[in-house]
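Engineer: One structure coming up, written as structure tokens, with questions to follow.
There are 2 protein chains.
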Amino acid sequence: MKNRKNAISPTRNEDYPEWYQEVIKAADLAENSPVRGCMVIKPWGFSIWENIKKELDKRFKETGHQNAYFPLFIPKSFLEKEAEHVEGFAKECAVVTHHRLEKGKDGGLVPAGELEEPLVVRPTSETIIGAMFSKWVQSYRDLPLLINQWANIVRWEMRTRMFLRTTEFLWQEGHTVHATEKEAMEETLKMLNVYADFMESDMAMPVIKGRKTESEKFPGADITYSVEAMMQDRKALQSGTSHYLGQNFAKASDIKFLDRDEKLKYAYTTSWGVSTRLVGGLIMVHGDDDGLVLPPKLSPLHVVILPVLPNNKFKNKVFEHCDRIKKQLSKIIYNNSPLKVFVDKSEIPGGRKKWDWVKKGVPIRIEIGPKEIEKDEVTVSRRDTPAQENSSLKTGKFIKNAPTLLTSIQNSLYDNALRLLKYNTKEIKSKEDFYDFFTPRNIEKPEIHGGFVLAYFKEDEEIEKKIQEDLNVSIRCIPLEEENNKEEGKCLFTGKPTRQKVIFGKAY
Amino acid sequence: MKNRKNAISPTRNEDYPEWYQEVIKAADLAENSPVRGCMVIKPWGFSIWENIKKELDKRFKETGHQNAYFPLFIPKSFLEKEAEHVEGFAKECAVVTHHRLEKGKDGGLVPAGELEEPLVVRPTSETIIGAMFSKWVQSYRDLPLLINQWANIVRWEMRTRMFLRTTEFLWQEGHTVHATEKEAMEETLKMLNVYADFMESDMAMPVIKGRKTESEKFPGADITYSVEAMMQDRKALQSGTSHYLGQNFAKASDIKFLDRDEKLKYAYTTSWGVSTRLVGGLIMVHGDDDGLVLPPKLSPLHVVILPVLPNNKFKNKVFEHCDRIKKQLSKIIYNNSPLKVFVDKSEIPGGRKKWDWVKKGVPIRIEIGPKEIEKDEVTVSRRDTPAQENSSLKTGKFIKNAPTLLTSIQNSLYDNALRLLKYNTKEIKSKEDFYDFFTPRNIEKPEIHGGFVLAYFKEDEEIEKKIQEDLNVSIRCIPLEEENNKEEGKCLFTGKPTRQKVIFGKAY
Chain U
30 MKNRKNAISP TRNEDYPEWY QEVIKAADLA ENSPVRGCMV IKPWGFSIWE NIKKELDKRF
90 KETGHQNAYF PLFIPKSFLE KEAEHVEGFA KECAVVTHHR LEKGKDGGLV PAGELEEPLV
150 VRPTSETIIG AMFSKWVQSY RDLPLLINQW ANIVRWEMRT RMFLRTTEFL WQEGHTVHAT
210 EKEAMEETLK MLNVYADFME SDMAMPVIKG RKTESEKFPG ADITYSVEAM MQDRKALQSG
270 TSHYLGQNFA KASDIKFLDR DEKLKYAYTT SWGVSTRLVG GLIMVHGDDD GLVLPPKLSP
330 LHVVILPVLP NNKFKNKVFE HCDRIKKQLS KIIYNNSPLK VFVDKSEIPG GRKKWDWVKK
390 GVPIRIEIGP KEIEKDEVTV SRRDTPAQEN SSLKTGKFIK NAPTLLTSIQ NSLYDNALRL
450 LKYNTKEIKS KEDFYDFFTP RNIEKPEIHG GFVLAYFKED EEIEKKIQED LNVSIRCIPL
510 EEENNKEEGK CLFTGKPTRQ KVIFGKAY
Chain R
30 MKNRKNAISP TRNEDYPEWY QEVIKAADLA ENSPVRGCMV IKPWGFSIWE NIKKELDKRF
90 KETGHQNAYF PLFIPKSFLE KEAEHVEGFA KECAVVTHHR LEKGKDGGLV PAGELEEPLV
150 VRPTSETIIG AMFSKWVQSY RDLPLLINQW ANIVRWEMRT RMFLRTTEFL WQEGHTVHAT
210 EKEAMEETLK MLNVYADFME SDMAMPVIKG RKTESEKFPG ADITYSVEAM MQDRKALQSG
270 TSHYLGQNFA KASDIKFLDR DEKLKYAYTT SWGVSTRLVG GLIMVHGDDD GLVLPPKLSP
330 LHVVILPVLP NNKFKNKVFE HCDRIKKQLS KIIYNNSPLK VFVDKSEIPG GRKKWDWVKK
390 GVPIRIEIGP KEIEKDEVTV SRRDTPAQEN SSLKTGKFIK NAPTLLTSIQ NSLYDNALRL
450 LKYNTKEIKS KEDFYDFFTP RNIEKPEIHG GFVLAYFKED EEIEKKIQED LNVSIRCIPL
510 EEENNKEEGK CLFTGKPTRQ KVIFGKAY
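Residue numbers (this note's numbering), protein chains in the order written: chain U, 30 to 537; chain R, 30 to 537.
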């Protein structure tokens, strides 16, 4: 393999956070807007989100949920109904105080028409949805109530990063009501599994399912579960959460029902969500030093066809041939839908054109010029191998095998990500080893550190606070399969006996 | 036909506005929320909107548009860039002035963290999108730029009505940039036609395409086109608009490009939108005194199967038979997708169950009981005929012909709506006849009046103001096909010669 420059500078090793921004720019996914902390999601980035939405929405509907839409605004008094909840969100919410602008003394427009009660732009919708649910739920016959909303959310974040943490973001929030604790717990875990399944099978992103500690819970929840993924800088991305809310919000919003035994009871509720943050996860799990790498199941395009024109003489012939191949490919089914294929006829020089598509992460590129036409071949490159590598295939064979090739790419992306996760997750038994593991190897690159630690730990908020301060490390989750080990172990900090192992890591 | 009570009270004739609210309630489409002027769109209503979205989105993509997402918030200074624009929206916008809540003197939470510049919750996005476009557009090679956004919008309306006029609503807004006036005009009219085609073929709602007069234009547009439909109370619903913005917003947002002739020029822009208001249109065009009537192409369900159980002995047998028929129907293709079928096994009494589905407007209901099973028949009712009417059909024949039946329902809804429009649109030649036409026949029902007037009219803002005050009548549009008639006529108010006929009507 010859030496070459990478398409993205800096590389992941040189400066991971900066590499991330450059990939977004090179793939034309999004950009910052003039509105503080808000991003603009550009067409290529938005179509990835549309694909995520489509696949998740299908899974939500298959599990019996229906979509609805609730108000953007939440009256201040609603937010105040649940004490922990308002505590968690009051510090970062956009407040609407007026309902018009009018000419001020200096001629400029000033806010006017002050509202009697300020409205908060939803940072999440438990309280406003709860107010509606209290009307909708009267009898056990109305349960379970399984609702989902796709919406925009505003949280006034001080430090923002595109897709990962922005003032406004897009998400879905599921909100459900159940007659019993048991059913609500089942729903909470069911949706956690729906998320994990989607992320592993569609995003090719392996995740760890687990419970959050008390200090990392959603404000107002009894239990929060999350799915955590490892990015290529070995930091954790909390990719989705599912909350068992017990009766907290039912009591705050007065969601009661007449049960079969004719007694009036408070219901049990859940909520669960994932957001445009997932696009950030996709970038950081699969991207390489040449840009974005998209898992075929979520890519806006599966195959991009690049006509090769040694000179203009062949233009019509090559374009027509490319169109024919596009037409044939578009009849092939992959992942239950026809292949998405594009012929790039733009007048950009061939080299730049190829690199544009490399940077955008399209799974398969094929080049077709007079030589290929003569031999009835296509020159095929897959995005999960170095950009210079390619192979010549007979046209018919390539078309027939395109779905197999895509499946192979999808699987190899998953395998690589799983290898990263396994290789960088270490079992650790002493505090000394723990501190050593999380101390940066290279002082100039504090992002690249050990990875995840799996260790026996007895929950203790003081210790959690200390390692957060010392190392910027937190407990990502208590993996479901490690909550109650057969073998008892010793907490790595206190030596106290416990059956519970947890995952520690630095997090986005 | 025996005498019977209608499912909706009051009927359309008794009290049309109240009938409208009752249909929404009976079909469980939406309800008011505790947030002033904001509604909650419930699952049945939302799935109609999802179908509208899906069909329109397909058409937008087929015409070369891409989806993107822009910030919810617009800095006040952006809104002020276009003088007419800010004039039009300043009076009704939600203003964010603070970014957190904190404990006040009396212990309650008060807005804190005042923003340097207030933010407006988008009432439309020309200005914020324009700011991004000015970065994206540099050369003629970047044009045309064809973008669409699905988003929520806030306009602080004083008098709201569900779906038709709410403080927050959902919509799409297309925003495009072109090198020439000609191309921008073509785009404006192309999207007007996309709307009209969708409304006629999918919503079964005939529309009149036309240009708005100066006084009814979008604030900041050079020309506004609209599609206008007639509701069953003969009032007009402006159902969609398409704006030719000339260079107004290009100048306000500094959207310039280097043209082929190497000169730097301002671009030409367009914008166009439809909203959840369309759901209100569907209700008012097709609904009857038994509730909602859905055009098959947009109905969340095509066929609802109602098991008939004379007693519990037959329950399993009937349910299994119904499931089999559902399975067979679900393989049938209608409008390019499999039929959407539901078996209602709920324990609601049969009569109420049937009426629930009548009120929800499902195009086809079939009843299946032991008698039908024995004869291998189904009892079929179509929603566009009175609820008591039905016919028995052999099961196989019904299944095979279901798409034909749906097409027949779709067509009959369109034909009825077209008949209403034609029958209640009158050509009028004098002011006296005009005033007579718009004077309510029945003083207690001011909503039911003449309908639309088509007449020669020479644009005159004073006259427009006068008829608005006298009769609450406005010029809905200047129909495209009436802008330049071969025959010259006399303006019905002034007698001045003009080739232009306009549509007058009362409007939502």
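Every residue gets a Cβ at the ideal spot worked out from N, C-alpha and C, and that includes glycine.
Can you name the residues that DSSP bridges to Gln201 of chain U?
Structural biologist: In the first sequence, counting from the first residue as 1, residue 201 of chain U sits at position 172. DSSP output for Gln201 of chain U lists U:Trp179 and U:Val303 as bridge partner(s).
Engineer: Residues in its own chain within less than 8 Å of Ser503 of chain R by CB, not counting five upstream and five downstream?
Structural biologist: Mapped onto the second sequence, residue 503 of chain R falls at position 474. If we look at Ser503 of chain R and ignore the five residues flanking it on each side, its Cβ neighbours are Glu245, Glu493, Ile496, Gln497, Phe533, Gly534, Lys535 and Ala536.
Engineer: For Cys122 of chain R, return the contacting residues in chain U, with the cut-off set at a CB-CB distance below 8 Å.
Structural biologist: Translated into the one-based positions of the second sequence, residue 122 of chain R becomes position 93. Near Cys122 of chain R (Cβ distances below 8 Å), the residues of chain U are His128, Arg129 and Leu130.
Engineer: So is Tyr169 of chain U in contact with chain R if we call contact Cβ pairs under 7 Å?
Structural biologist: On the first sequence, residue 169 of chain U is found 140 positions in, with the first residue counted as 1. For Tyr169 of chain U, the answer is no, since every Cβ of chain R falls outside 7 Å of its Cβ.
Engineer: Taking 7 Å as the CB-CB cut-off, is Ala97 of chain U touching chain R?
Structural biologist: The residue given as residue 97 of chain U occupies position 68 in the first sequence. So, interface residue.
Engineer: Output, in chain order, the set of chain U residues within a Cβ distance shorter than 8 Å of Ser38 of chain R.
Structural biologist: The residue labelled residue 38 of chain R in the question sits at position 9 within the second sequence. The contacting residues do not exist; Ser38 of chain R stays about 22 Å from chain U at best.
Engineer: Given a cut-off of 7 Å, decide if Leu335 of chain R and Glu396 of chain R are closer than it, judged by their beta-carbon atoms.
Structural biologist: Here residue 396 of chain R is taken as the residue at index 367 of the second sequence, counted from 1. Here residue 335 of chain R is taken as the residue at index 306 of the second sequence, counted from 1. Against a cut-off of 7 Å, the Cβ pair of Leu335 of chain R and Glu396 of chain R comes out as a contact.
Engineer: To the nearest angstrom, how far is it from the Cα of Thr539 of chain R to the Cα of Pro508 of chain R?
Structural biologist: Past the edges of chain R, shown from 30 to 537, lies residue 539 of chain R, and the structure says nothing about it.
Engineer: Can you give the beta carbon distance from Leu101 of chain U to Asn181 of chain R, rounded, assuming they're within the 8 Å contact cut?
Structural biologist: To locate residue 101 of chain U, count along the first sequence from 1; it is residue 72. To locate residue 181 of chain R, count along the second sequence from 1; it is residue 152. Right, the Cβ-Cβ distance comes to about 6 Å (below 8 Å), so this counts as a contact.
Engineer: So, is Ser420 of chain R buried or exposed, given that buried needs 16 or more other C-beta atoms within 10 angstroms?
Structural biologist: Stepping through the second sequence from its first residue, residue 420 of chain R is reached at position 391. Exposed, because fewer than 16 other Cβ atoms sit within 10 Å of the Cβ of Ser420 of chain R.
Engineer: Could you tell me the alpha carbon to alpha carbon distance between Pro367 of chain R and Val308 of chain R, rounded to whole angstroms?
Structural biologist: Position 338 of the second sequence, counted from the first residue, corresponds to residue 367 of chain R. Position 279 of the second sequence, counted from the first residue, corresponds to residue 308 of chain R. Straight across, the Cα-Cα distance linking Pro367 of chain R with Val308 of chain R is about 23 Å.
Engineer: Would you call the CB atoms of Met23 of chain R and Thr195 of chain R closer than 7 Å?
Structural biologist: Missing from the structure shown is residue 23 of chain R; chain R here goes from 30 to 537 and no further.
Engineer: Which whole runs of the beta strand (DSSP E) in the region 227–315 of chain R are 3 residues long or more, in chain order?
Structural biologist: 237–240, 252–259, 265–273, 285–287, 293–295 and 297–304
Engineer: With respect to the beta strand (DSSP E) encompassing Gly142 of chain R, which residues constitute its N-terminal and C-terminal limits?
Structural biologist: Within the second sequence, residue 142 of chain R is the residue found at index 113, counting from 1. Per DSSP, Gly142 of chain R belongs to the beta strand (DSSP E) from Leu138 to Val150.
Engineer: Just tell me which of R:Asp462, R:His94 and R:Ala208 has its CA closest to the CA of Met220 of chain R.
Structural biologist: Working through the second sequence from its first residue, we reach residue 220 of chain R at position 191. The residue with the shortest Cα to Cα distance from Met220 of chain R is R:His94.
Engineer: Please state whether DSSP places Arg88 of chain R in a helix, a strand or coil.
Structural biologist: Start at 1 with the first residue of the second sequence, and residue 88 of chain R comes out as number 59. In the structure shown, Arg88 of chain R sits in a helix (DSSP, three-state: H, G or I).
Engineer: Return no unless some Cβ of chain R is closer than 7 Å to the Cβ of Lys382 of chain U.
Structural biologist: For the purposes of this step, residue 382 of chain U is taken as residue 353 along the first sequence, with counting starting at 1. At a cut-off of 7 Å between C-beta atoms, Lys382 of chain U does not count as an interface residue with respect to chain R.
Engineer: Any C-beta of chain U sitting closer than 7 Å to the C-beta of Ile362 of chain R?
Structural biologist: To locate residue 362 of chain R, count along the second sequence from 1; it is residue 333. No - not a single Cβ of chain U is within 7 Å of the one on Ile362 of chain R.
Engineer: Give the range of the beta strand (DSSP E) segment to which Glu512 of chain R is assigned.
Structural biologist: Position 483 of the second sequence holds residue 512 of chain R. Here Glu512 of chain R belongs to no beta strand (DSSP E), and DSSP marks it neither H nor E.
Engineer: With contact counted as at least three CB pairs below 8 Å, one residue from each stretch, are the region 443–462 of chain R and the region 256–264 of chain R in contact?
Structural biologist: yes
Engineer: Taking only beta-carbon atoms, is Lys31 of chain R less than 7 Å away from chain U?
Structural biologist: Residue 31 of chain R sits at position 2 when you count from the first residue of the second sequence. Bear in mind that a pLDDT of 44 at Lys31 of chain R, under 50, signals an unreliable position, so the number given afterwards is only what the model happens to contain. No, no contact with chain U.
Engineer: Only counting runs of 3 or more residues, tell me where the beta strand (DSSP E) segments fall wholly within the region 36–78 of chain U, in order along the chain.
Structural biologist: Complete beta strand (DSSP E) runs here, min 3: 59–61 and 68–70.
Engineer: Considering only residues of the same chain and omitting the five flanking positions on each side of Met30 of chain U, which have a CB-CB separation below 6 Å?
Structural biologist: Here residue 30 of chain U refers to the residue found at position 1 of the first sequence. Low local confidence applies: a pLDDT of 41 at Met30 of chain U is under 50, so the model's placement there is unreliable, and no value is given.
Engineer: Does DSSP put Asp489 of chain R in a helix, in a strand, or in coil?
Structural biologist: By 1-based counting over the second sequence, the position of residue 489 of chain R is 460. Residue state, collapsed to three classes: coil.
Engineer: Any contact between the region 295–302 of chain R and the region 44–60 of chain R? By contact I mean 3 or more CB pairs, one from each, below 8 Å.
Structural biologist: no
Engineer: Pull up the CB-CB distance for Pro325 of chain U and His315 of chain U, whole angstroms please, since I reckon it's below 8 Å.
Structural biologist: Within the first sequence, numbered from 1, the residue matching residue 325 of chain U stands at position 296. Within the first sequence, numbered from 1, the residue matching residue 315 of chain U stands at position 286. Contact flag wrong, Cβ pair sits at about 11 Å.
Engineer: Please report whether the beta-carbon of Gly181 of chain U lies at a distance below 7 Å from any beta-carbon of chain R.
Structural biologist: Position 152 of the first sequence, counting from 1, holds the residue named residue 181 of chain U. It is Asn, not Gly, that sits at residue 181 of chain U in the sequence shown. It does; some Cβ of chain R falls within 7 Å.
Engineer: Please list the residues of the region 138–150 of chain U that have a C-beta atom closer than 9 Å to any C-beta atom in chain R, keeping them in chain order.
Structural biologist: Leu138, Val139, Pro140, Ala141, Gly142, Leu144, Pro147, Leu148, Val149 and Val150
Engineer: Straight-line CA distance for Thr414 of chain U to Tyr98 of chain R?
Structural biologist: The residue given as residue 414 of chain U occupies position 385 in the first sequence. The residue given as residue 98 of chain R occupies position 69 in the second sequence. If I take the Cα positions, the gap works out to 32 Å.
Engineer: Per the DSSP calculation, Ala484 of chain R is bridged to which residue(s)?
Structural biologist: On the second sequence, residue 484 of chain R is found 455 positions in, with the first residue counted as 1. Bridge partners of Ala484 of chain R: R:Val531.
Engineer: Counting only beta-carbon separations shorter than 7 Å, does Val308 of chain U have a partner in chain R?
Structural biologist: Against the first sequence, residue 308 of chain U aligns to sequence position 279. Output row for Val308 of chain U: interface = no.
Engineer: Could you check if Asn32 of chain R is buried or exposed, using at least 16 other CB atoms within 10 Å of its CB as the buried criterion?
Structural biologist: Position 3 of the second sequence, counted from the first residue, corresponds to residue 32 of chain R. No answer about Asn32 of chain R holds up, because its pLDDT of 49 lies below 50 and its placement is not dependable.
Engineer: Give a yes or no on whether 7 Å exceeds the smallest Cβ distance from Glu197 of chain R to chain U.
Structural biologist: Residue numbering aside, residue 197 of chain R sits at position 168 when the second sequence is read from its first letter. Glu197 of chain R counts as touching chain U.
Engineer: Using CA coordinates, which residue listed in U:Val391, U:Glu376, U:Ser375 and U:Ala160 is at the minimum distance from Lys110 of chain U?
Structural biologist: Here residue 110 of chain U corresponds to residue number 81 of the first sequence, with the count starting at 1. Distance from the Cα of Lys110 of chain U is smallest, within the candidate group U:Val391, U:Glu376, U:Ser375 and U:Ala160, for U:Ala160.
Engineer: Which residue comes first and which comes last in the alpha helix (DSSP H) that contains Arg448 of chain U?
Structural biologist: Translated into positions along the first sequence, residue 448 of chain U becomes position 419. Counted as a single uninterrupted DSSP element, the alpha helix (DSSP H) harbouring Arg448 of chain U occupies residues Thr424 to Tyr452.
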